[in-house]
Structure formats: C-alpha cells, structure tokens
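Trainee: In the UniProt record's numbering, the protein residues as written are 1 to 391.
Glycine included, C-beta positions come from ideal geometry on N, C-alpha and C.
All of these numbers come straight from a predicted model, not from anything done at the bench.
1. List the residues that DSSP assigns as beta-bridge partners of residue 279.
2. Residue range of the alpha helix (DSSP H) that residue 365 falls in?
3. Could you tell me whether the Cβ of residue 250 comes closer than 8 Å to any Cβ of chain D?
4. Comparing alpha-carbon positions, which option in 380, 270 and 353 lies nearest residue 11?
5. Looking only at its own chain, which residues have a Cβ that is under 6 Å from the Cβ of residue 217, when we skip the five neighbours before and after it?
6. Return the chain-ordered ranges of every beta strand (DSSP E) run that is complete within the segment 227-302 and spans a minimum of 3 residues.
7. Given a cut-off of 8 Å, decide if residue 311 and residue 357 are closer than it, judged by their beta-carbon atoms.
8. Would you report the Cα separation of residue 165 and residue 106, rounded to the nearest angstrom?
9. For a test of the three-state rule: what should DSSP assign to residue 200, helix, strand or coil?
10. Under the rule that 16 or more other beta-carbon atoms within 10 Å means buried, what is residue 328, buried or exposed?
11. Could you tell me the alpha carbon to alpha carbon distance between residue 173 and residue 134, rounded to whole angstroms?
12. Mark residue 40 as exposed unless 16 or more other C-beta atoms lie within 10 angstroms of its C-beta, in which case mark it buried.
13. Kindly indicate the opening and closing residues of the alpha helix (DSSP H) around residue 324.
14. Are residue 347 and residue 245 close, meaning C-beta to C-beta below 8 Å?
15. Is it right to say residue 128 is buried, meaning 16 or more other beta carbons lie within 10 angstroms of its own, or is it exposed?
16. Can you give me the start and stop residues for the alpha helix (DSSP H) that residue 114 sits inside?
17. Could you tell me the distance, in whole angstroms, from the CA atom of residue 85 to the CA atom of residue 52?
18. Flag this pair as yes or no: are the beta carbons of residue 146 and residue 120 separated by less than 8 Å?
19. With distances taken from CA atoms, which of 287, 57, 63 and 125 is nearest residue 87?
20. Can you name, in chain order, every residue of its own chain whose Cβ lies under 8 Å from the Cβ of residue 228, other than the five neighbours on each side?
21. On the three-state DSSP scale, how would you describe residue 371?
22. What do you get for residue 78, buried or exposed, if any count of 16 or more other CB atoms within 10 angstroms of its CB means buried?
23. Could you tell me the distance, in whole angstroms, from the CA atom of residue 209 to the CA atom of residue 169?
24. For residue 410, does the three-state DSSP call read helix, strand or coil?
25. Alpha helix (DSSP H) containing residue 37: first to last residue?
26. So, with DSSP's three-state summary, where would you put residue 73?
27. What is the DSSP secondary structure of residue 125, reduced to helix, strand or coil?
28. Which partner residues does residue 376 have in the DSSP bridge list?
29. Does the segment 281-301 come close enough to the segment 197-209 to have 3 or more Cβ pairs within less than 8 Å?
30. Given that a residue counts as buried once 16 or more other Cβ atoms are within 10 Å of its Cβ, and exposed if not, what is residue 248?
31. Let's see if you can read the secondary structure: which residues bound the beta strand (DSSP E) around residue 85?
32. Is the beta carbon of residue 381 less than 8 Å from the beta carbon of residue 289?
33. Can the beta-carbon of residue 252 be found less than 8 Å from the beta-carbon of residue 29?
34. Is the segment 189-198 close to the segment 336-345, with three or more CB pairs under 8 Å?
35. Could you check the C-alpha separation between residue 285 and residue 264 for me, to the nearest Å?
36. Less than 8 Å separating the beta-carbons of residue 68 and residue 383?
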C-alpha cells in the first residue's frame, strides 16, 4: 500500500466575525485557498487531481450544494476535477485530509487536494419548515453560526449544553484555574504575533482579492494574563471562561495538497501521513476527546510522545487545551509554538487544515521528525494526525 505525503499547504488570513472578510462569500474563500496551494506546485497539471475533499461545518447558506465543488469551479480548475464536501463540524478539514490520505494509500488517486472553509459571519438564520402550509403561530429564526440548534427533544439535556457550559464542566472536572487559562490565552496571542513578525506565516498565508488583510485579524500583541483577568465570565456568573480565553468566531479557508511518493507533483514532499486517530465520548466532554484520538494516531504510527517534537492542538478553549496537554504529559512548550486558535481564530471548517499545514511547516523549520495535529469536535468527537518530516 502506498504512503500519502503532504506536499504543500496554504490558507487565507483568518478574519474576525463581521470583520475584514465579512463581504467575502465562503465559496470565494475556498477558491482562494485552492488557488493558493496549487500556486506552490506550478508544475502540476490540474487534470491529474484525482479528487478534492473539502470540509465545511455549516452548509446552510452560500456554502450549500457541495461548497468544495463550487470552490474548484471558481478557482478555474478543469471541470473534470471532482470534489466532495464533508462535515465533521470543527474537524471537517482535518477529516478531509484523513479521507484524502486514505484515497492515496488505497491507490484510488495519486493526487488529492483537501481543505475547508467557514464564514461564520455569513452563516444564515434558518426557519424550521412547517409540516403544514400557512401556520398561524409565530416562527423563530435560528442562528446557524455556532453550536446546537433545532435540537431533537429526545437528546438528553446534559448532552446539549452550550459549548461554553461544556467547558465549564471540564474546568470543574480537572480543576484548571482561571489564571492558567488566561496565561495560556496570552501566550497564544504573543506567540502568534511573534511568528508573524518573524515571517513564519508569510509562505503559508495567501491574500484574499479585494481585501486589505495581510495577517490574522484577531491577534492581540502584548496580551497579558493580567489584562485578560479583567474580562467577565461568559457562561456562568462565577465561571472561568471569558471572551479572552476562548477561540473567537471567524471567517477563513485552508488547503492542503496530498500525493503519493511518486505523484509527479513537481515539488518535494514535506511530510508523510504516519498515523490517524478518531475518538468519541460524551457530547458535553468534547473538549477532552483529542486525548484519545492522539493516542490512537501515535499507536498507528508506531511511536510514543517521547518521539514527538511538535504539537498543533486547536485551541477551542484554553481549558480544554490545558486538559489535553496535562493528560498527554508533554512539554507545553512544543504545543502551538506559533500561536493557536485563541489568537489566530477558529473558522470551523478551515481549522483542521490550518493546524496540519502549520505542523508541517514547524517540522520543516525545526528538523524535528514527528508531530501531532489534533482537534476537538462538538458533539463529543476528536481527530488527530501524526506527520513524519521527510523534508
């Protein structure tokens, strides 16, 4: 069976909710990321792309009807390039890369383009469709931006708590203080700012046409735990989670180009997909699910944490990130060394591709052999991928 390799990655800058990318449709964001990653392999004939696997968590608005295929067409790829859109909520684009890597390993394709997109700003309100025409009562418009909506009444109430309340439950379970969460969040902002200043993201991030945004919009240089301590809790009066130590709402897209070892892409591969893991637990504990997903990915790669030199863990909330790092018993300094989602942003369908591309670039920069990308997913799931540096 052939191995799958990561050849290139690209993403847009991530915009704030209602910010610089608010006027850009998600299918156009997808097209931007697709064009950006293919520009890194100018010798690749696009007709050789066997499939495009694209992630998106919403798909209720302009991202409807297979936004992956829309992005392919809008990017100007040949009409013969197929595409599918997958939805594993926050893990959608990492799931896309996992699916793409399996496609290559099975021999079904030599080149697969993967990625994902989300415009949380442009996520629509929806109305439940009545079973009969012309209902006499009022109908409530429901936001599709984030979290549970139109919930099945058969779902146990403890499963369907808000994402913030779910993470307050994790805080209670593991005793992770507000101070630790704020320190972790400040670190995310300062590391992201330092990475941008050092030029780390210059080759990973591609501009969006017509938008004056050259770097991720939500980064706050000079953040400190002391400043963050002044923010009020968002979900409980006496809670620990605030707008400062949780990821924001964002817009953006990411893309990852995968291929077999002899795919003829015209550039050298950066990393091999060495292991994959998926896990699930109680929906309200979703933030802790990456622990087991990463352990499974490591086992499939045949390595342990002592072999890992870099970790990209999507920071949905500081508390769940700390809970995972504590459980893995790894050096916190190897986690999100270029900043994380609290600073950079978390456009749901794009975040998996972001962390995978960032991980590959970190391994390439440092020369480390193995790295882990992991992401928690609403409704109690997680995904993880192990990369082996071959650059």
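Mentor: Looking at the atomic coordinates:
1. Residue pairing for residue 279: DSSP places it in a beta bridge opposite 382.
2. Start and end: 351-366.
3. The structure shown contains no chain D; it holds only a single protein chain.
4. Sorting 380, 270 and 353 by C-alpha distance to the C-alpha of residue 11 places 353 at the top.
5. Here residue 217 has 15, 16, 19 and 20 as same chain residues with Cβ atoms under 6 Å from its own Cβ, once five neighbours each way along the sequence are excluded.
6. The segment 227-302 contains these whole beta strand (DSSP E) runs: 250-259 and 271-280.
7. Against a cut-off of 8 Å, the Cβ pair of residue 311 and residue 357 comes out as no contact.
8. Looking at the two C-alpha atoms, the distance is approximately 41 Å.
9. DSSP, read as helix, strand or coil, puts residue 200 in coil.
10. Residue environment analysis places residue 328 among the buried positions, since at least 16 neighbouring C-beta atoms fall within 10 angstroms of its C-beta.
11. Going from the Cα of residue 173 to the Cα of residue 134 covers about 48 Å.
12. In this structure residue 40 is buried. Its beta-carbon is surrounded by 16 or more other beta-carbon atoms within 10 angstroms.
13. Start and end: 318-328.
14. Result no, Cβ atoms of residue 347 and residue 245 do not sit closer than 8 Å.
15. That one is exposed.
16. Residue 114 -> not in any alpha helix (DSSP H); beta strand (DSSP E) instead, spanning 111-119.
17. Rounded to whole angstroms, residue 85 to residue 52 spans 8 Å at the Cα level.
18. Their beta carbons are under 8 Å apart, which means residue 146 touches residue 120 by this criterion.
19. When only C-alpha atoms are compared, the closest one is 57.
20. Cβ neighbours of residue 228 beyond the five flanking positions: 182, 185, 186, 242, 244 and 245.
21. DSSP, reduced to helix, strand and coil, places residue 371 within a strand of the structure shown.
22. With a 10 Å radius around the Cβ and a threshold of 16 neighbouring Cβ atoms, residue 78 comes out exposed.
23. Residue 209 and residue 169 have their C-alpha atoms spaced approximately 42 Å apart.
24. Residue 410 lies beyond the stretch modelled for the chain, which goes from 1 to 391, so this question has no answer here.
25. For residue 37, the enclosing alpha helix (DSSP H) stretches over residues 26-38.
26. Note: residue 73 maps to helix in three-state DSSP.
27. In the structure shown, residue 125 sits in a strand (DSSP, three-state: E or B).
28. DSSP lists 382 as the beta-bridge partner residues of residue 376.
29. With the cut-off at 8 Å, the segment 281-301 and the segment 197-209 do not touch.
30. Taking every protein chain shown into account, the CB of residue 248 has 16 or more other CB atoms within 10 angstroms, so this residue is buried.
31. Residue range 83-86 is occupied by the beta strand (DSSP E) that includes residue 85.
32. Yes, they are a contact pair.
33. Contact check for residue 252 against residue 29 passes: the beta carbons are separated by less than 8 Å.
34. The answer is yes - the segment 336-345 touches the segment 189-198, with three or more Cβ pairs under 8 Å.
35. It is roughly 43 Å from the alpha-carbon of residue 285 to the alpha-carbon of residue 264.
36. No, the Cβ-Cβ distance between residue 68 and residue 383 is not below 8 Å.
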